[in-house]
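Trainee:
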Amino acid sequence: MAKNILFWTSPALVFLLSGLTKPGMVFNSANLTFLLIKVLCGIVISAAIAIIRSENKAASKMAGVFGCIVLFMILSFMRVLSPRMMHTCTTANAREMFLSKASLWYSAPFSLPADTGSSDPAEYHVFTYDHYLEESCAATLMCHYDEADYKTAVAGLENSYAFMSNLNASVGNDRFRVVRTDYESEDDLTRKSYLIVMQNDVTHDIAYILLYNPLDETCTLSEIIDRYCGWQYIRK
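With positions in the sequence shown counted from 1, the corresponding number in my numbering is that position plus 20.
(1) Going by C-alpha distance, which of A78, G84, P141 and T223 is nearest V64?
(2) Run through the region 104-135 for me and flag every whole alpha helix (DSSP H) of 4 or more residues, listed as ranges in chain order.
(3) Under 9 Å, do D246 and V174 count as touching if we go by C-beta distance?
(4) Of the residues M162, I71 and S123, which one's Cα is nearest the Cα of P141?
(5) Take the Cβ of R73 as the centre, count every other Cβ of all protein chains shown within 10 Å, and call the residue buried at 16 or more, exposed below.
(6) Quick one: residues in its chain with C-beta nearer than 6 Å to the C-beta of I244, no 5 flanking neighbours on either side, listed in chain order?
(7) Between the C-alpha atoms of S185 and C61, what's the straight-line distance to the nearest angstrom?
(8) Below 7 Å CB to CB, which residues in the same chain sit around T110 once its five sequence neighbours on both sides are set aside?
(9) Would DSSP call A68 helix, strand or coil?
(10) Out of M105, A227 and S120, which has the shortest C-alpha to C-alpha gap to E155?
(11) Measuring alpha carbon to alpha carbon, tell me which residue in E116, A159 and D194 is nearest G233.
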């Protein structure tokens, strides 16, 4: 009995653990669907092995194995189509890690203010959204200020960046604006990487979001914040 249980569960457990061991795996409906498909792939493999080991006629074995192969291919295709999301956060060397990512992703001249927080340590978040065969990734530097320093930091934003007037979004008290570069129009949100700045006048937070999004689609800023920046995990 124990051998039969181990036989049927081993491949499924291997597939499941391969998904659970990914750093930053978040538990939501999309990721749970992805893990379920991986488990089903393992069960199909067990079924194929059981058919091969059975005493059925060769023709029956061949038909059974062929059915398992087809089912496995369908599940594998579904696994590729299923989106996956990962989120990690650290306060160690947050500013340096964010600037390092900016040097790779952002082609326009870029700089951060010297003061990136005065109350709590700055946080460095990375959110990855895998869909089909492409990957979107957002790096966020979340800075926390006391009230007086926050006002100074907000004034510095207006002096440091030019914002696109037609691209704004809000999530609760968090207000998002897209930094404009010299070569784009006022409503352009189709390039592959951009800088988004968030400010919250209630909690006195400022966040710098670098988004690298090679996905071939055009979204509103609200959709980008919700889907590709992992804001619900940063603010949880």
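The beta-carbon is built from N, C-alpha and C at its ideal position, and this holds for glycine as well.
Mentor: Taking the structure as given:
(1) Ranking A78, G84, P141 and T223 by CA distance to the CA of V64 puts G84 first.
(2) 114-125
(3) no
(4) Shortest Cα-Cα distance from P141 to any of M162, I71 and S123 involves M162.
(5) exposed
(6) Only residues of its own chain outside the window of five on either side were considered, and among them none has a CB closer than 6 Å to the CB of I244.
(7) So the two alpha carbons sit approximately 49 Å from each other.
(8) Excluding positions up to five away in sequence, the list reads Y144.
(9) helix
(10) Among M105, A227 and S120, the Cα nearest to that of E155 is on M105.
(11) Just to set this straight, residue 233 is Asn in the shown sequence, not Gly. Ranking the options by Cα distance to N233, first place goes to A159.
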